[in-house]
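In my numbering, the protein residues as written are 1 to 380.
For each residue, glycine too, the CB sits at the ideal point set by N, CA and C.
Note that the structure is a prediction, hence the values are computed from the model and not measured.
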């Protein structure tokens with residue numbers, strides 16, 4: 001209800017595929033036939049997703065689903081869903097999808113078909129999803145889409161196969177739903193915490209991914225990008241030193257978004273003569289400590305929104321997140337605090353009102369305070 005009160009137009013919802021798999025075939029669970037075989041899916045988790053998706057889509061919100069594979073620690077399920085090269089010592093227990101084994105591939109295809117039939121069907125009986133994001137920040141795969149230590153070329157073979165399977169399965173049920181690849185903000189450098197078998201530069205990743213897709217027979221995949229500030233704990237992205245207005249920029253953040261859209265406008269990145277779609281599917285602004293913390297966070301949001309508004313090639317800006325999360329490494333990215341204040345269990349921050357006004361005629365009055373914070377005379 002609060003999301004709708006905020007005026008949300010786009011939403012991204014995590015879907016943990018391992019949580020849907022029922023290898024025991026409980027007849028009380030929903031099932032789906034694929035490739036001459038019947039697959040069963042966990043009713044409880046499925047219906048909890050319905051309850052997230054339908055209230056949003058019924059009010060016109062465009063919902064994107066982020067397909068993930070968390071380690072379940074249930075051997076039967078993990079054998080099906082986890083990549084055979086998954087390293088369980090990885091930080092977030094997120095695996096690349098198992099499209100290597102026959103059984104894993106069959107389950108993955110069945111899941112994608114089933115989800116698209118359920119959430120991208122014409123009658124919208126369970127709610128509607130318009131896009132499916134395959135994995136999360138895969139250019140830093142060790143953290144977010146793990147298949148062990150692997151070269152970029154070997155990872156691309158696997159990921160291209162997986163995205164192609166997802167696209168084919170989803171399009172078999174919906175002629176219009178979009179499929180996206182997911183990248184974080186490292187562009188001409190890799191995430192420095194990783195070595196060359198744990199993280200990859202986003203630009204090289206996209207160039208090689210696009211080339212491989214063309215070589216195998218191109219299809220219309222799209223891009224879900226995360227232009228977080230250079231330092232996640234410093235929301236003032238306009239100070240970013242590694243976000244340059246040149247093609248060799250180390251990172252792409254809100255400071256230099258035109259580098260991303262220009263790259264995707266290249267003919268080599270097109271499909272059927274047209275640019276691929278871009279969404280900004282996860283990014284947010286930390287609330288620093290101190291009296292000005294909420295002011296700075298809100299100003300960062302205002303500036304980012306205006307910059308995206310001036311990029312017609314970007315379809316969506318999905319802010320992360322609604323409420324501060326105590327399990328996000330100390331980041332305080334929410335529009336609401338998770339620390340009670342007076343009678344408010346989840347008090348609104350200054351950014352809340354900015355978000356609410358952003359696409360209304362009142363945006364300029366709501367954003368005015370941010371200009372001197374950023375050092376601008378007027379909005380772009």
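- When the five nearest sequence neighbours on each side are left out, the beta carbons in the same chain lying within less than 7 Å of the beta carbon of residue 20 are those of 41, 42, 45, 46 and 111, in order along the chain.
- Counting along the chain, residue 170 sits inside the alpha helix (DSSP H) bounded by residues 152 to 171.
- In the pairwise beta carbon analysis, the segment 176 to 183 is classified as not touching the segment 229 to 236: fewer than three pairs are separated by under 8 Å.
- Separation of the CB atoms of residue 307 and residue 380 is rounded to 6 Å, and the pair is thereby assigned contact status at 8 Å.
- Along the segment 215 to 251, the beta strand (DSSP E) occurs as fully enclosed runs of 3 or more residues at 221 to 225, listed in sequence order.
- In the structure shown, residue 142 adopts helical secondary structure according to DSSP, grouped into three states.
- Looking at 323, 74 and 29, the one whose alpha-carbon comes closest to that of residue 114 is 29.
- For residue 77, the enclosing alpha helix (DSSP H) starts and ends at 75 to 81.
- In this structure, the straight-line span from the alpha carbon of residue 210 to that of residue 63 is close to 25 Å.
- Note that the C-beta distance between residue 186 and residue 201 is below 9 Å.
- One alpha carbon belongs to residue 171, the other to residue 362, and they sit about 40 Å apart.
- Within the segment 244 to 314, the complete beta strand (DSSP E) segments of 3 residues or longer fall at 278 to 283, listed in chain order.
- Residue 378 sits in coil when the DSSP states are folded into three classes, being neither helix nor strand.
- In the DSSP assignment, residue 32 forms a beta bridge with 39.
- For residue 352, the uninterrupted alpha helix (DSSP H) run begins and ends at 350 to 357, by DSSP.
- Under the 10 Å beta carbon count, residue 327 is surrounded by fewer than 16 other beta carbons and is classified as exposed.
- In this structure residue 146 is in contact with residue 87, their Cβ atoms being roughly 6 Å apart against a cut-off of 8 Å.
- Residue 36 and residue 159 have their C-alpha atoms roughly 25 Å apart.
- Where residue 364 is concerned, the enclosing alpha helix (DSSP H) starts and stops at 363 to 367.
- Take the alpha-carbon of residue 70 and the one of residue 377: they are about 47 Å apart.
- Scanning 57, 245, 48 and 374 for the CA closest to the CA of residue 129 turns up 57.
- Approximately 19 Å separates the beta-carbon atoms of residue 136 and residue 89; this is outside 8 Å, ruling out the contact.
- For residue 178, the enclosing beta strand (DSSP E) starts and ends at 178 to 183.
- Under the DSSP assignment, residue 104 falls in the alpha helix (DSSP H) whose first and last residues are 102 to 119.
- Residue 258 sits close to residue 245, with the two beta carbons spaced by under 9 Å.
- Three or more pairs of CB atoms, one per stretch, sit closer than 8 Å, so the segment 350 to 370 contacts the segment 291 to 306.
- If the five residues before and after residue 22 are omitted, its C-beta is found closer than 7 Å to the C-beta atoms of 29, 40, 41 and 42, all from its own chain and listed in chain order.
- With distances taken between CA atoms, residue 6 lies nearest to 356 out of 335, 346, 356 and 243.
- Residue 273 and residue 265 have their alpha carbons spaced roughly 10 Å apart.
- Going by beta carbons, residue 106 and residue 199 fall outside the 9 Å limit.
- Across the set 292, 256, 92 and 9, the C-alpha of 92 shows the shortest separation from the C-alpha of residue 68.
- For residue 12, the three-state secondary structure derived from DSSP is strand.
- Between the beta-carbon of residue 120 and that of residue 173 there is about 6 Å, and that keeps the pair under the 8 Å contact cut.
- Membership of residue 6 in the alpha helix (DSSP H) is indicated by the continuous run 2 to 6.
- For residue 342, the secondary structure class from DSSP, reduced to helix, strand or coil, is coil.
- By DSSP's assignment, residue 125 forms a beta bridge with 127.
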